[in-house]
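Trainee: This is the structure, below, for whatever I ask next.
In full-length UniProt numbering, the protein residues as written are 1 to 215.
Structure follows, in structure tokens:
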């Protein structure tokens with residue numbers, strides 16, 4: 001064990017109760033943005049399991065940061081149909097990080113309404129179909145947004161000894177396509193928050209759990 005790991009463990013135990021910033025999650029942070037918006041999208045992971053399942057080492061930065069496969073669909077009797085959805089946004093956040101902000105591990109937008117499954121193969125830069133402009137298109141056919149590390153996806157990496165962290169994979173349905181010309185080539189969370197105002201017709205959340213254990 002290195003001295004840095006001991007130090008990390010000590011700080012993690014010191015900040016053990018610094019968790020649960022759920023109010024700062026994208027779908028919670030601005031009450032007016034999601035006011036009266038139903039939680040009408042059902043998300044599961046064919047690979048990992050239902051919401052609340054534990055992610056493996058492979059899914060974390062201690063492994064390969066593999067993105068867990070996700071699939072989603074509209075819940076029954078939601079008042080909207082699949083035809084009403086023109087685009088999706090997918091965002092991954094950790095409200096249990098001992099930080100004043102909620103780290104953004106992955107942000108993806110301009111997801112086609114027919115795209116209801118995302119896996120690791122989708123999260124690679126597409127240099128063949130979309131070669132123009134500065135925006136980064138991914139092989140899944142959607143755009144890459146900016147995350148905390150400036151990467152395509154950053155897997156879980158909670159401090160050792162800080163206990164279980166919950167990773168919120170949030171899918172947001174829009175009734176109108178985003179105007180990409182009005183966004184930065186790699187849009188930020190703050191930009192998208194304003195761009196989707198008045199366009200949200202539903203959302204759903206899948207939670208994956210990971211703990212960086214001492215042993």
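Ideal Cβ placement from N, Cα and C applies to all residues, glycine included.
Under the three-state reduction of DSSP, which class applies to residue 59: helix, strand or coil?
Mentor: helix
Trainee: Rounded to whole angstroms, what is the Cα-Cα separation between residue 163 and residue 209?
Mentor: 10 Å
Trainee: Is DSSP giving residue 85 helix, strand or coil here?
Mentor: Reduced to three states, the DSSP call for residue 85 is coil.
Trainee: Note down the Cα distance separating residue 112 from residue 86, rounded to an integer number of angstroms.
Mentor: Here the C-alpha atom of residue 112 lies approximately 7 Å from the C-alpha atom of residue 86.
Trainee: Hey, residue 171 and residue 88 are a contact pair by Cβ (cut 8 Å); roughly how many whole angstroms apart?
Mentor: Going by Cβ atoms, the distance from residue 171 to residue 88 rounds to 6 Å, so yes, they are a contact pair.
Trainee: If we ignore side chains and look at the alpha-carbon of each, how far apart do residue 135 and residue 29 end up?
Mentor: Residue 135 and residue 29 have their C-alpha atoms spaced approximately 26 Å apart.
Trainee: Can you name, in chain order, every residue of its own chain whose Cβ lies under 6 Å from the Cβ of residue 148, other than the five neighbours on each side?
Mentor: Residues 103, 104 of the same chain have their beta carbon placed closer than 6 Å to that of residue 148, with the five preceding and five following residues left out of the count.
Trainee: Closest to residue 180 by CA distance: which of 53, 108, 121, 155 is it?
Mentor: Measuring from the Cα of residue 180, the nearest candidate turns out to be 108.
Trainee: Please go through the same chain and pick out, in chain order, the residues whose beta-carbon is closer than 7 Å to the beta-carbon of residue 199, but skip the five residues on each side of it.
Mentor: 174, 175, 176
Trainee: Measuring only the C-alpha atoms, how far is residue 81 from residue 39?
Mentor: 14 Å
Trainee: Assign residue 143 to one of two classes, buried (16 or more other C-beta atoms within 10 Å of its C-beta) or exposed (fewer than that).
Mentor: buried
Trainee: Can you have a look at residue 36 and say buried or exposed, based on whether 16 or more other CB atoms are within 10 angstroms of its CB?
Mentor: exposed
Trainee: State buried or exposed for residue 155, treating a residue as buried only when at least 16 other CB atoms are found within 10 Å of its CB.
Mentor: It is buried - the Cβ of residue 155 has at least 16 other Cβ atoms within 10 Å.
Trainee: Can you list, in chain order, the residues of its chain whose CB lies under 7 Å from that of residue 126, leaving out five sequence neighbours each side?
Mentor: 137, 138, 139
Trainee: Below 8 Å CB to CB, which residues in the same chain sit around residue 57 once its five sequence neighbours on both sides are set aside?
Mentor: 63
Trainee: Mapping the DSSP letters down to three states, classify residue 26 as helix, strand or coil.
Mentor: It is helical.
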